[in-house]
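**Q** First to last, the sequence lines map onto chains A and B. Numbered according to our numbering, the first sequence spans residues 1 to 396. Numbered according to our numbering, the second sequence spans residues 1001 to 1396.
Protein chains: 2
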Amino acid sequence: MAGPLTGMRVMDFTRALAGPHCTLLLADMGAEVIKIERVKGGDEVRRMGPPFINGESAAFMASNRNKKSITVDLKDPRGREICLRLAKWVDVLVENFRPGVMKGLGLDYPTLSQVNPRLIYCSISGFGQTGPMANQGGYDTVAQGMGGIMMVTGVPGGPPVKAGVPIIDLGTGMFGALGVLAAYIARQQTGKGQHIDASLLDSSVALGLIDGSDYLASGDLPMPLASAHRRIAPHGAFRTQDGYITIAADAAPATWTTLCRILGKAEMETDPRLADNTQRRKNLPFLIAQIESATTTRESAFWLEKLQAAGIPCGPVNNYDKVFQHPQVLARNLLVENVHPKAGRVRMVGKPLKFSDTPATDLVPSAALGEHTTTILQSLGYTADELEQLRREKVI
Amino acid sequence: MAGPLTGMRVMDFTRALAGPHCTLLLADMGAEVIKIERVKGGDEVRRMGPPFINGESAAFMASNRNKKSITVDLKDPRGREICLRLAKWVDVLVENFRPGVMKGLGLDYPTLSQVNPRLIYCSISGFGQTGPMANQGGYDTVAQGMGGIMMVTGVPGGPPVKAGVPIIDLGTGMFGALGVLAAYIARQQTGKGQHIDASLLDSSVALGLIDGSDYLASGDLPMPLASAHRRIAPHGAFRTQDGYITIAADAAPATWTTLCRILGKAEMETDPRLADNTQRRKNLPFLIAQIESATTTRESAFWLEKLQAAGIPCGPVNNYDKVFQHPQVLARNLLVENVHPKAGRVRMVGKPLKFSDTPATDLVPSAALGEHTTTILQSLGYTADELEQLRREKVI
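(1) Between Ala1206 (chain B) and chain A, is any beta-carbon pair separated by less than 8 Å?
(2) Quick check on the DSSP output: the beta strand (DSSP E) that includes Ile1124 (chain B) runs from which residue to which?
(3) Note the first and the last residue of the continuous beta strand (DSSP E) segment covering Thr71 (chain A).
(4) DSSP beta-bridge partners for Pro316 (chain A)?
(5) For the candidate residues A:Val10, A:Val72, A:Asn66 and A:Pro51, whose alpha-carbon lies nearest to that of Leu1221 (chain B)?
(6) Going by CA-CA distance only, name the one from A:Met151, A:Arg78 and A:Gly208 that's closest to Pro1316 (chain B).
(7) By Cβ distance, which residues of its chain are closer than 6 Å to Val1205 (chain B), with the 5 residues on each side in sequence left out?
(8) Quick one: residues in its chain with C-beta nearer than 7 Å to the C-beta of Ala1134 (chain B), no 5 flanking neighbours on either side, listed in chain order?
(9) Determine, for Gln1136 (chain B), whether the minimum Cβ-Cβ distance to residues of chain A falls below 8 Å.
(10) Go through its chain and collect everything with a Cβ distance to Thr297 (chain A)'s Cβ below 7 Å, but skip five positions before and after it.
(11) I'd like to confirm the pairing. Which residues does DSSP put opposite Met1348 (chain B) in its beta bridges?
(12) Which whole runs of the beta strand (DSSP E) in the region 1042 to 1092 of chain B are 3 residues long or more, in chain order?
(13) Could you tell me which chain A residues have their CB closer than 8 Å to the CB of Arg1231 (chain B), listed as they occur along the chain?
(14) Identify which residue in A:Pro160, A:Val349, A:Lys88 and A:Leu200 has its Cα closest to the Cα of Gln136 (chain A).
(15) Using alpha carbons as the reference points, say which of B:Lys1035, B:Val1092, B:Met1048 and B:Val1039 lies closest to Ser1069 (chain B).
(16) Grab me the residues of Phe324 (chain A)'s own chain with a C-beta within less than 6 Å of its C-beta, minus the 5 sequence neighbours each way, in chain order.
(17) Relative to chain A, which residues along the region 1348 to 1360 of chain B have a C-beta separation below 8 Å, given in chain order?
(18) Name the chain B residues that come within less than 7 Å of Phe13 (chain A), Cβ to Cβ?
(19) Any idea what DSSP makes of Phe1238 (chain B), helix, strand or coil?
(20) Please give me, in chain order, every unbroken run of the beta strand (DSSP E) with length at least 3 that falls completely inside the region 173 to 247 of chain A.
(21) Could you name the residues of the same chain whose beta carbon sits closer than 6 Å to that of Tyr27 (chain A), not counting the 5 residues immediately before and after it, in chain order?
(22) If I'm right that Ile376 (chain A) touches Ser300 (chain A) with Cβ under 8 Å, what's the distance once you round it to whole angstroms?
(23) Specify the secondary structure class of Met1102 (chain B) as computed by DSSP and reduced to three states.
(24) What does the alpha-carbon distance come out to for the pair Glu1337 (chain B) and Leu1181 (chain B)?
(25) Hey, out of B:Tyr1184, B:Arg1085 and B:Ala1143, whose CA is closest to Leu1207 (chain B)'s CA?
(26) Say whether the region 1376 to 1389 of chain B touches the region 1044 to 1058 of chain B, bearing in mind that this needs 3 or more beta-carbon pairs closer than 8 Å, one atom from each stretch.
(27) In whole angstroms, give me the CA-to-CA distance for Gly104 (chain A) and Asp73 (chain A).
(28) Assuming Ile397 (chain A) is part of the beta strand (DSSP E), what are its boundary residues?
(29) In three-state DSSP terms, what is Asp1108 (chain B)?
(30) For the candidate residues A:Ile232, A:Ile168, A:Gly219 and A:Pro159, whose alpha-carbon lies nearest to that of Ser203 (chain A)?
(31) From Pro224 (chain A) to Leu274 (chain A), what does the alpha carbon distance come to, in whole angstroms?
(32) What does Pro222 (chain A) touch in chain B if you count any residue whose Cβ is under 8 Å from its own?
(33) Do Val165 (chain A) and Ser1227 (chain B) have their beta-carbon atoms positioned less than 8 Å apart in this structure?
(34) Using the beta-carbon of each residue, which ones in chain B are nearer than 8 Å to Ser218 (chain A)?
(35) Quick one: which residues of the region 1078 to 1105 of chain B get their C-beta closer than 9 Å to a C-beta of chain A? List them in chain order.
(36) Taking the beta strand (DSSP E) that Arg9 (chain A) belongs to, which residues open and close that run?
Structure representation (structure tokens):
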């Protein structure tokens, strides 16, 4: 069934991950995304790995499913002309070049908004389109460091640690997509498009909504706490006989009593060092040692069953092998597959949103480089002769 | 100036963080968000701290700016009636109760879609509305553990570590907002609303788009790497004389040569253990030690200047004190303030998106509990007498 964005057309100049995640979200919800790639080699992520399956990058296939691909030499005036025609035809443009590159190509927002005043133009960059660092290149790692996340992640006294998945690349794609949809809604009132400016740095700081705002209010710097919670104890990952589980108790006295009984640690209930949430936070290493003296005696499954029965939020701490075997993950369709013409059956991470009326269940494999050049350019009015000449001269 | 979502009305049953972040994003872009709170005490985050400023929770003020507040006893039939009238009047409903709670209140999607077929109804939960764990409570910590993130974050051989900011609460709010806007766009074609089902678990697994899909393709489990990159070396945080900096080199040989020269380590260039990206990844501890033997001799600012001049992406590793002093962060308006009637001048994290045409610069402080009950209920048609009685009987 068609997705909620069916009918929306997107021209997509993105490469790497932040931009492609933005257009993936749009494509997964039914937008027609046309990825514009270099004639020679295309998006560098096509060659990013390992892993590869029959030469196809797993990362590329996962982040570019449901998109079309055309190849265009943007430095050739005839390539630019293709983009201008395309800009008239689409609703949205997304790009993640360094600021200034699209201007150099004659494809910046002021130029394209002349061609199509209704165009929504989303720029994703390392540091944004403005400010003293605007023209520098940025990466997820740089943004995690500069935005505060790396200093509050890890173990106390340890080195800076980044979130182990590229949350800033992915998060900036999410913010970018949100901006695109908001601008699309605004266009219905204003009749015109606009320029959206999203960046890795902005996203990284924005994810400090609580931790950063708390610092601004208190002047107290947050420190890394491994898996513990800044305000509630016990709350985090605890070792068991065969791995780790999370226990996410609330601060209510009754929850603490229940937990002590499940763990068979009556002495914790009466220990003044653990008397209330404040004491437990103050004596966190002692608290963790006490809990793990119980949890390490049995396997994770044993404790999870007891905790769930008592209504204490908890779960396994899984790496991806067990993630993709978990009944709840499977029930949520978070493991999907499609059949790629070269790679064959490819399994990948599913979609995070379920829509009751417009579920968009299609999962088209990532396109071969330039797979849709002919059909898209034909629909822009190019003739077979013109296409042949453009191809011969490596413009497409 | 008004935001892109000006004119969109949202009724907001959310508490804690994931749901409130969803409606914050909508409110920050100009939607009218009406937060429906318990008569006694409201959202528990109002009491979440420290820090408090004159008794007001910093976390609450940051995550509930730009929203209105009304108090309603949902268990009273007259409270439910208020919600039914509101449901006719709004475009969007967002809730993050455990699955089943809204049904118990007679406010589930099937019921409200009868009242207003155009209503977009977004449910945010721990594990989703379906599957064997649907009815369990979830938290950011549980989802980070269960979705794979905790096992790939931290230092090699160390304990599970969660991202130090609540990326799953925040990320689920982002996905929820994306779903709401997509459904709003779909409604213009279909004429009707729909139910959106977002969850912490779905979001956590979805952030494994690359790492999880790579595992599915290769069978190789990703491991925690502190701040290092899974494919590129050197790329991560490195110690300096006065802190840490990130260096995010690409894998090109020329970049490596440049880096060796900047660091004054000609011997690295010729060392076979560091000859190419593959060797450098294989000998990562040695590589890091070599680089830090240079970087620890001077301060961060010295190295950042040299690296930036050479075009190698890099940045400081800052905690929030330095985050909010950085010229680029300030240039991006990522530190904002408003004046709260009780707390006075409150500084907080700014917005991650910049819109050229609909910037939505307003920043209304978080509302007092029930501040807008009278005005909203009057616009729903309640008379002064009715309001007085409802108030006397603690329905509002």
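A virtual CB, placed ideally from N, CA and C, is assigned to each residue, including glycine.
**A** Reading it off the structure:
(1) Ala1206 (chain B) has a beta carbon lying within less than 8 Å of a beta carbon in chain A.
(2) Where Ile1124 (chain B) is concerned, the enclosing beta strand (DSSP E) stretches over Ile1120 to Ser1125.
(3) Element bounds for Thr71 (chain A): Lys67 to Thr71.
(4) DSSP lists A:Ile245 as partners of Pro316 (chain A).
(5) Residue A:Pro51 holds the alpha-carbon nearest to the alpha-carbon of Leu1221 (chain B) among A:Val10, A:Val72, A:Asn66 and A:Pro51.
(6) For the set A:Met151, A:Arg78 and A:Gly208, the Cα lying nearest the Cα of Pro1316 (chain B) is the one of A:Met151.
(7) Cβ neighbours of Val1205 (chain B) beyond the five flanking positions: Gly1147.
(8) These residues qualify, in order along the chain: Pro1099, Phe1127 and Gly1128.
(9) Chain A, which has a Cβ nearer than 8 Å to the Cβ of Gln1136 (chain B), makes this yes.
(10) Within the same chain, Thr297 (chain A) has close Cβ partners Gln241.
(11) Beta-bridge pairing by DSSP links Met1348 (chain B) to B:Val1336.
(12) Entirely contained in the region 1042 to 1092 of chain B, the beta strand (DSSP E) runs reaching 3 residues are, in chain order, 1067 to 1071.
(13) Chain order gives the chain A residues near Arg1231 (chain B) as Met48 and Gly49, where near means a beta carbon separation below 8 Å.
(14) Closest option to Gln136 (chain A), Cα to Cα, is A:Leu200.
(15) Here the closest residue by C-alpha is B:Lys1035.
(16) Closer than 6 Å at the Cβ level, and outside the excluded window around Phe324 (chain A), lie Leu335.
(17) Listed in sequence order: Met1348, Val1349, Gly1350, Lys1351, Pro1352, Leu1353, Lys1354, Phe1355, Ser1356, Asp1357 and Thr1358.
(18) Under the 7 Å cutoff, chain B gives no residues; its nearest Cβ is about 18 Å from Phe13 (chain A).
(19) In this structure, Phe1238 (chain B) counts as strand in the three-state DSSP scheme.
(20) Complete beta strand (DSSP E) runs here, min 3: 195 to 199 and 235 to 239.
(21) It is Ala, not Tyr, that sits at residue 27 (chain A) in the sequence shown. Result list for Ala27 (chain A): Val33, Asn66 and Lys67, in chain order.
(22) Not quite, the Cβ-Cβ distance comes to about 51 Å (not below 8 Å), so this is no contact.
(23) The three-state reading of DSSP puts Met1102 (chain B) in helix, counting H, G and I together.
(24) Their backbone Cα atoms lie some 27 Å apart in a straight line.
(25) Leu1207 (chain B) has its Cα closest to that of B:Ala1143, out of B:Tyr1184, B:Arg1085 and B:Ala1143.
(26) They do not touch, by the three-pair rule.
(27) Roughly 14 Å between the two C-alpha positions.
(28) Residue 397 (chain A) lies beyond the stretch modelled for chain A, which goes from 1 to 396, so this question has no answer here.
(29) It is coil, neither helix nor strand.
(30) For the residues A:Ile232, A:Ile168, A:Gly219 and A:Pro159, the minimum Cα distance to Ser203 (chain A) belongs to A:Ile168.
(31) Using only the alpha carbons, I get a separation of about 22 Å.
(32) Per Cβ cutoff of 8 Å: Gly1164, Asn1319 and Tyr1320.
(33) It is not a contact, given that the beta carbons lie outside the stated cut-off.
(34) Per Cβ cutoff of 8 Å: Pro1050, Pro1051 and Ala1058.
(35) When CB distances to chain A are screened at a threshold of 9 Å, not a single residue of the region 1078 to 1105 of chain B falls below it.
(36) Counting along the chain, Arg9 (chain A) sits inside the beta strand (DSSP E) bounded by residues Arg9 to Asp12.
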